[in-house]
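Written out below as structure tokens is the structure these notes cover.
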Amino acid sequence: MIHKEDLIKRFISYVTVDTESDPESNTTPSTAKQWDLANALVKELKQIGMQEVTIDANAYIMATLPSNLDYEVPTIGFISHFDTTPDFTGANVNPKIIENYDGKDIVLNEDQNIVLSPDDFDDLLLYKGQTLITTDGTTLLGADDKAGIAEIISAMDYLIRHPEIKHGTIRVGFTPDEEIGRGAHKFDVEKFGADWAYTMDGSQIGELEYENFNAAGAVVSVKGKIVHPGYAKGKMINSMYIATDFINSLPRLETPEHTEDRQGFFHLYSINGEVDSTKLQYIIRDHDKGHFEARKEMIQKLADELNSQYETEAITVEIKDQYFNMREKIEPVMHIVDIAEQAMKDADIEPIIKPIRGGTDGSQLSFMGLPCPNIFAGGHNFHGRYEYVPVESMQKAIEVIVNIVKIVAKK
Ligand SMILES: [Zn+2]
Numbered sequence: 017m018i019h020k021e022d023l024i025k026r027f028i029s030y031v032t033v034d035t036e037s038d039p040e041s042n043t044t045p046s047t048a049k050q051w052d053l054a055n056a057l058v059k060e061l062k063q064i065g066m067q068e069v070t071i072d073a074n075a076y077i078m079a080t081l082p083s084n085l086d087y088e089v090p091t092i093g094f095i096s097h098f099d100t101t102p103d104f105t106g107a108n109v110n111p112k113i114i115e116n117y118d119g120k121d122i123v124l125n126e127d128q129n130i131v132l133s134p135d136d137f138d139d140l141l142l143y144k145g146q147t148l149i150t151t152d153g154t155t156l157l158g159a160d161d162k163a164g165i166a167e168i169i170s171a172m173d174y175l176i177r178h179p180e181i182k183h184g185t186i187r188v189g190f191t192p193d194e195e196i197g198r199g200a201h202k203f204d205v206e207k208f209g210a211d212w213a214y215t216m217d218g219s220q221i222g223e224l225e226y227e228n229f230n231a232a233g234a235v236v237s238v239k240g241k242i243v244h245p246g247y248a249k250g251k252m253i254n255s256m257y258i259a260t261d262f263i264n265s266l267p268r269l270e271t272p273e274h275t276e277d278r279q280g281f282f283h284l285y286s287i288n289g290e291v292d293s294t295k296l297q298y299i300i301r302d303h304d305k306g307h308f309e310a311r312k313e314m315i316q317k318l319a320d321e322l323n324s325q326y327e328t329e330a331i332t333v334e335i336k337d338q339y340f341n342m343r344e345k346i347e348p349v350m351h352i353v354d355i356a357e358q359a360m361k362d363a364d365i366e367p368i369i370k371p372i373r374g375g376t377d378g379s380q381l382s383f384m385g386l387p388c389p390n391i392f393a394g395g396h397n398f399h400g401r402y403e404y405v406p407v408e409s410m411q412k413a414i415e416v417i418v419n420i421v422k423i424v425a426k427k
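Residues in the sequence shown are numbered from 17 upward in steps of one, following the working numbering.
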């Protein structure tokens, strides 16, 4: 469908441009260097023949492939992000291409003895005989989510060169700053004008996701009272001990390291304490809305109980919702998931439908009025030096996009 060499060339032309985002920045995009790739993508979209190619003041890119039908079908969109995570450097990415992978260790970097091994990452064995693109061990790869961009542009390129394939209006959207949770927030859903869309931002081939966590953050502040330790009897209140009671009162097994699938958790990710005051920072996650609300209540109730026990207002809690499970927005339009599932089956891919233990841009977009399940882009081990992507998975993702377009074009 799309020549392997062309796809590899396209993908490498993206990952070799540094687009790391920065959570400390208040601008959009958060880093000026994201413009480099954004501007190049605009040029490429025009060059392959996309229409209405626009880039706004915040570097959000949109483009249209006009319908070639003489009847109306829904307008659908495909979305990816061009930034890479600030968790690991994305500067000077030097990809390696491993052809006909033999299932053994891949030496990413001889000098630094960095090895990508199926002993650590057994999913590598799924791709024996395939072409893998890896890092040189010193950077991330950026398949998250430049694989998604390469797939969407390749699919549009293919559709433009094959006008005999019938399709409705297709919209394409590329965003900055997804990795710092700001990919969707300046996305103009109305301007995009699609009935629904898919983010091409999942991992392993076959992944199809329309459920994510409900998410909140909680800051628990404990006030103590400091007095001279030698004369403290009956006077000192040590905020760290109260904080410890608080920590130990939450269910110890409902933490990230003890949960999976649809199990929610409380995650204590920071403690900052002195006698006088201690601050605990939690994130709260649960797929189930009821359980999610109950978790937030539990935090508040625990604080109240400890306050009455210590007869002080020692503990105050501040809880902020962060994002919600898109499932409630997708279920009323479940056919958009069915279409993606069918498109995978038509490409001989076994769909893997599972809840995301995190959030996606699609979850925010779904709550902004654009229902948006997530489809695999093919990469593995995101956000680090062991990131890799099989070229064959990217080719399959292109096929899935084309198949979705075909299904939607049917009356
Ligand atoms: Zn991503």
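Quick reminder that beta carbons are idealized off the backbone N, C-alpha and C, glycines included. Nothing here was measured: the structure is a model prediction, and the numbers come from that model.
At what residues does the alpha helix (DSSP H) containing Glu415 begin and finish?
Per DSSP, Glu415 is one residue of the alpha helix (DSSP H) stretching across Val407 to Ala425.
Quick one: what does DSSP say Glu334 is sitting in, helix, strand or coil?
strand
If you measure from the CB of Asp72, is any heavy atom of ligand 1 nearer than 8 Å?
no
Is the separation between the beta-carbon of Lys312 and that of Ala232 shorter than 9 Å?
yes
Closer than 7 Å between the C-beta and any heavy atom of ligand 1: which residues qualify, listed along the chain?
His97, Asp160, Asp161, Glu194, Glu195, Asp217 and Phe398
Considering only the alpha carbon of each residue, which of Gln338, Gly400, Ser255 and Asn228 lies closest to Lys241?
If you compare the alpha carbons of Gln338, Gly400, Ser255 and Asn228 with that of Lys241, the shortest gap goes to Ser255.
Among residues of its own chain, excluding the 5 on either side of Asn397, which ones have a beta-carbon nearer than 7 Å to its beta-carbon?
Phe137, Glu403 and Tyr404
Any heavy atom of ligand 3 within a distance shorter than 8 Å of the CB on Phe308?
Of the ligands this structure carries, namely ligand 1, none is ligand 3.
Quick one: is Glu448 buried, meaning 16 or more other Cβ sit within 10 Å of its Cβ, or exposed?
Nothing can be reported for residue 448: it is not among the residues displayed for the chain, which extend from 17 to 427.
Buried versus exposed call for Glu36 [16 or more other C-beta atoms within 10 Å across all chains shown]:
buried
Could you have a look at Ala16 and say whether DSSP puts it in helix, strand or coil?
It is not possible to answer for residue 16, since the shown part of the chain is limited to 17 through 427.
Can you give the Cα-Cα distance for Ser41 and Asp193, rounded to whole angstroms?
10 Å
Among residues of its own chain, excluding the 5 on either side of Ser379, which ones have a beta-carbon nearer than 6 Å to its beta-carbon?
Closer than 6 Å at Cβ, skipping near neighbours: Asn228, Tyr339 and Met342.
Let me confirm a value: Glu55 is counted as buried when at least 16 other C-beta atoms fall within 10 Å, else exposed. Which label applies?
It is worth fixing the name first, because residue 55 is Asn in this sequence and not Glu. Classification for Asn55: exposed.
Counting Cβ pairs closer than 8 Å, one from the segment 102-109 and one from the segment 27-34, do we hit at least three?
yes
Per DSSP, Phe94 is paired with what?
Phe94 is bridged to Val188 and Tyr214.
Would you list the one or two residues that DSSP bridges to Thr100?
Glu36
Strand pairing of Thr80, partner residues [DSSP]:
Gln67 and Arg187
Suppose contacts are defined by Cβ-Cβ distances below 9 Å. Is Ile335 in contact with Gln316 by that definition?
yes
Out of curiosity, what's the CA-to-CA distance linking Asp160 and His399?
8 Å
Proximity of Gly197 and His97 at Cβ, strictly below 9 Å
no
Let's see if you can read the secondary structure: which residues bound the alpha helix (DSSP H) around Asp292?
Element bounds for Asp292: n/a, residue is neither H nor E.
Between Gln411 and Leu23, is the Cβ-Cβ spacing less than 9 Å?
Contact: yes.
Given a cut-off of 9 Å on the beta-carbon distance, is the pair Phe208 and Ile417 in contact?
no
Quick check on the DSSP output: the beta strand (DSSP E) that includes Ile113 runs from which residue to which?
Here the beta strand (DSSP E) through Ile113 covers Lys112 to Ile114.
Report the rounded CA-to-CA distance for Asp304 versus Asp152, giving the unit in angstroms.
41 Å
Indicate the three-state DSSP secondary structure (helix, strand or coil) for Lys241 in the structure shown.
Three-state result, Lys241: strand.
Just the C-alpha distance for Ile352 and Trp212, rounded to the nearest angstrom, thanks.
Rounded to whole angstroms, Ile352 and Trp212 show a C-alpha spacing of 8 Å.
Assuming the contact rule is C-beta atoms closer than 8 Å, Thr191 and Asp377 should be a hit. Round their C-beta distance to whole Å, please.
7 Å
Looking only at its own chain, which residues have a Cβ that is under 8 Å from the Cβ of Phe262, when we skip the five neighbours before and after it?
Val236, Val238, Leu296, Leu318, Ala319, Leu322 and Ile331
Contact check, Glu195 vs Ile391, beta carbons under 9 Å
no
Cα-Cα separation, Lys361 to Ile221
Taking the straight line joining both Cα atoms gives about 12 Å.
Is Asn323 helix, strand or coil when you go by DSSP?
helix
Suppose you measure from the CA of Glu270 to the CA of Ser83; what does that come to, to the nearest Å?
50 Å
Just the Cα atoms here: how many angstroms apart are Arg26 and Ile168?
11 Å
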